[in-house]
Amino acid sequence: MEQQPQRLRPQGSRDRDLVGSTLDRRTEGRLSRTKASLKAKPPDAAYRVGVRLLTVRDRTRAELARLLAVRGFDRADSQVALDRLQEQGYLDDRRFATTWARSRLRTKPMGSYRLGKELEVKGVEEQLVREVLGDLYEEGEEPAARRAMAGKLSVLGRLPASARTLRVARFLQRRGFSSEMIWRLLHEEQQG
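In this text, residue positions in the sequence shown follow the UniProt record's numbering: the first is 1, and each later residue adds one.
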């Protein structure tokens, strides 16, 4: 004779059958949407989704591949769509890296190290990151460091000089500038 598993909670009104309840319908809806997303999609669906995502803003190939995977497209369809988008000029990692890096430098001056790491996180290849940063920092990092330092000094106002110096140094370090450049600029600021 088989033994019935023991119930872990007491029987009562909370233990009623949930079939047909709101909870059950929500679960059914989620399951049907999941099953629908696993069904085969038309061959050009990944391309259309890619175009729609690129109309919002530029993206890297890696970022777009990840977004297509999240939407349930298989890898082969995604690769075909990504190749097609690249051939037609809609998807261009160099253009993305250049425009994104220029925008970041304009709004938030930072050193090449930090900007390079941010581009790598976005999925830009290391070689391309070096090329883009080489173009952006032709004159070096000093102009960006000076802009960042001037902005921070204007906010710090009347703090004692030693506290201001430490805060600016930490700020510039977080922005990815080299220690040598930071201390040189701070020394010039104190002298002048």
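All C-beta atoms in this analysis are idealised placements derived from N, C-alpha and C, irrespective of residue type, glycine included.
As the structure is a prediction and not an experimental result, all values here were calculated from the model.
query: C-beta contact flag for A145 and L119 at 8 Å; result: no
query: Among A81, Y47, T98, nearest to D58 - alpha-carbon criterion; result: T98
query: At least three beta-carbon pairs within less than 8 Å, the segment 115 to 131 to the segment 150 to 162; result: no
query: CB-CB length for K122 against E189, believed under 8 Å; result: Not a contact, Cβ separation roughly 33 Å.
query: Residue of A150, Y113, P143, D44 minimising C-alpha distance to L133; result: Y113
query: Pairwise C-alpha distance: R71 and L153; result: 46 Å
query: Inter-residue Cα distance where the pair is S178 and G140; result: 12 Å
query: 4-residue-minimum alpha helix (DSSP H) runs that sit fully inside the UniProt domain "RecX first three-helical" (46 to 85), ordered along the chain; result: 61 to 70
query: C-beta contact flag for M181 and E138 at 8 Å; result: no
query: CA nearest to the CA of V51, picked from A81, D77, D135; result: A81
query: Reduced DSSP category for G151 - H, G, I as helix; E, B as strand; rest coil; result: helix
query: Anticipated Cβ contact below 8 Å, A76 with P109, distance rounded; result: At roughly 43 Å, the Cβ-Cβ gap does not stay under 8 Å, so A76 and P109 are not in contact.
query: Beta carbon of L91 nearer than 8 Å to that of R61; result: yes
query: Top-ranked residue by Cα proximity to K117, from R174, T107, V56; result: R174
query: Status (buried if at least 16 other CB within 10 Å, exposed otherwise) for V56; result: exposed
query: Contact check, P111 vs G176, beta carbons under 8 Å; result: Before going further, note that residue 111 is Gly rather than Pro in the sequence given. Contact flag set, yes.
query: Beta-carbon proximity check, T165 vs L186, cutoff 8 Å; result: yes
query: Close Cβ partners of Q191 (< 7 Å) along its chain, the five nearest in sequence each way excluded; result: none
query: Contact set for F73: own chain, Cβ-Cβ below 6 Å, skip 5 residues either direction; result: A46
query: Where E139 falls: helix, strand or coil (DSSP); result: coil
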